[in-house]
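In my numbering, the protein residues as written are 6 to 179.
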């Protein structure tokens, strides 16, 4: 690995109580540690060398102070809807890479753009339904769409988890 790649490698950021907070890159982790805001817990792969010293690249750092994070409703986005629906069309059940968003009650008929009215749909189903309601199009949903429950760890569910991070993530199966 080149030093440019290493400085951008992912670093797990833990709260003061060892609760996972976020993932940043090694460059940001060095800044936090340099300002005395974080401490190194687990070394990563390799070192960053200066003229006179070498520093281990962090893989896990812990903040010196406690950060209070409120539970926030997840923002509605295409990607979030696709993850919620398992990358599956909610009308025919087909798993597809090129999904679209469909409004159950079309926006042209006063439908809202929120978690309960937006689902993943494959292109043929979306074109078949078009601006119709479910009843008019003679279609049914596989499951009722709901907003995802607030989860402080949602940012970790769809990313690769390094082995040295697992000890700090109790919800993962070991």
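Note that the Cβ used here is the ideal one computed from N, Cα and C, for glycine as well. Note that the structure is a prediction, hence the values are computed from the model and not measured.
Output the distance between the C-alpha atoms of residue i and residue j, rounded to the nearest integer angstrom.
{"i": "residue 146", "j": "residue 128", "result": "15 Å"}
{"i": "residue 153", "j": "residue 83", "result": "14 Å"}
{"i": "residue 33", "j": "residue 141", "result": "53 Å"}
{"i": "residue 18", "j": "residue 148", "result": "36 Å"}
{"i": "residue 179", "j": "residue 166", "result": "Residue confidence is low: residue 179 scores 46 on pLDDT, short of 50, so the model does not pin down where it sits. Its coordinate-derived value is still stated next. Approximately 12 Å between the Cα atoms of the pair."}
{"i": "residue 163", "j": "residue 130", "result": "26 Å"}
{"i": "residue 122", "j": "residue 90", "result": "13 Å"}
{"i": "residue 120", "j": "residue 132", "result": "21 Å"}
{"i": "residue 57", "j": "residue 81", "result": "49 Å"}
{"i": "residue 175", "j": "residue 115", "result": "44 Å"}
{"i": "residue 31", "j": "residue 23", "result": "18 Å"}
{"i": "residue 54", "j": "residue 60", "result": "6 Å"}
{"i": "residue 25", "j": "residue 168", "result": "14 Å"}
Taking 6 Å as the limit between beta carbons, can you name the residues of its chain near residue i, skipping five residues before and five after?
{"i": "residue 11", "result": "51 and 62"}
{"i": "residue 29", "result": "16 and 18"}
Taking C-beta to C-beta, are residue i and residue j nearer than 8 Å?
{"i": "residue 107", "j": "residue 151", "result": "no"}
{"i": "residue 64", "j": "residue 41", "result": "no"}
{"i": "residue 95", "j": "residue 125", "result": "yes"}
{"i": "residue 102", "j": "residue 93", "result": "no"}
Tell me which residues share the same chain as residue i and place their Cβ nearer than 7 Å to its Cβ, disregarding the 5 neighbours each side in the sequence.
{"i": "residue 136", "result": "111 and 113"}
{"i": "residue 173", "result": "17, 19, 23, 25 and 65"}
What does a CB cutoff of less than 8 Å around residue i pick up in its chain, not counting 5 residues either side in sequence?
{"i": "residue 21", "result": "67, 68, 69, 70, 71 and 72"}
{"i": "residue 85", "result": "79 and 153"}
{"i": "residue 38", "result": "44, 45, 63 and 66"}
{"i": "residue 139", "result": "109, 145 and 146"}
Name the residue from the options whose alpha carbon lies nearest to the alpha carbon of residue i.
{"i": "residue 46", "options": "176, 175 and 170", "result": "170"}
{"i": "residue 144", "options": "168, 159, 97 and 101", "result": "97"}
{"i": "residue 158", "options": "13, 59, 76 and 38", "result": "76"}
{"i": "residue 27", "options": "44, 54, 161 and 88", "result": "161"}
{"i": "residue 105", "options": "87, 31, 173 and 120", "result": "87"}
{"i": "residue 74", "options": "173, 120 and 156", "result": "156"}
{"i": "residue 35", "options": "25, 13 and 24", "result": "13"}
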